[in-house]
Amino acid sequence: GVTCGAFSLCGKHLLSGGGDGTFRIWNPKNGSARAVIKTSGPVNTIHQKASDDVVAIGCASGQIDVVHLPTKKIVGTPMEHSPDASEVASVECLKFKGAFLASGGVDGNVKVFEVGVGGSDASGLLRSTANHKNGGVTCLEWKRAGAAVERVLFTACADGRLRMWDVRPANAVVLKCFKGHSDMVLCMDLSEDGRAMVSGGDDHKIMVWAV
């Protein structure tokens, strides 16, 4: 079945990922498929880069594929969220900020890649890793406000906590930990000015935080 979907930023395509390991590009006007692309495994999540026509695809295999929409092809080398085949970590969430792509997995790791630009090469270089020792990562968000060089990432975890990270170092640094949920955090979002955060948990609570 269909596991995730979104409109392309240009509004001309409908994008979807499936448990059958395919990424599909649709014509939203008549429902016809413009492309069916085989990915590295069942698709969990997709996210489009704002400044380029590329979409990152997070797979249950632990790999991240990057598709160039104009050519409808996978470009570059798939990024390995979990390079060790004995410890496959399903990719649960993805978010771009400029050239940087953050991925979160059920292994509790967040990895930040620098992704090449353009249709011919979108290979990713690993720049930073953040480890959540007590549970998988359920969602993540970049801080939108602030200086362009600032790389602050917020994560939500199965341990019921949210964290704010500086992901400029190779080993990311926790800047702040938000405790309050008594069960898994399912969703989160940040205000445009970066001063507030809202989260929803499996404990049936919605919490608003001052960042």
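Per our numbering, the very first residue in the sequence shown carries number 7; after that it's consecutive.
We put the beta carbon where it would ideally sit given N, CA and C, even for glycine.
Keep in mind it's a predicted model, so treat the numbers as computed, not measured.
- Inclusion of residue 134 and residue 175 in the CB contact set at 8 Å is warranted, their separation being smaller than that value.
- Following the DSSP letters along the chain, one finds residue 147 inside the beta strand (DSSP E) bounded by residues 143-148.
- Of the candidates 189, 215, 194, 215 places its Cα closest to the Cα of residue 201.
- Between the alpha carbons of residue 41 and residue 112 lies a gap of roughly 29 Å.
- DSSP places residue 16 in the coil class of the three-state scheme, outside both helix and strand.
- Contact between residue 64 and residue 97 holds, since their C-beta atoms are separated by about 3 Å, short of 8 Å.
- Around the C-beta of residue 147, 16 or more other C-beta atoms lie within 10 Å, and the residue is accordingly described as buried.
- Contact between residue 168 and residue 204 does not hold, since their C-beta atoms are separated by about 10 Å, which reaches or exceeds 8 Å.
- Apart from the 5 residues on each side of it in sequence, residue 101 sits with its Cβ closer than 7 Å to the Cβ of 53, 108, 146, 147, 148 in its chain, given in chain order.
- Looking from the CA of residue 163, the closest CA among 136, 38, 15 belongs to 136.
- Taking the Cα positions, residue 28 is about 34 Å away from residue 212.
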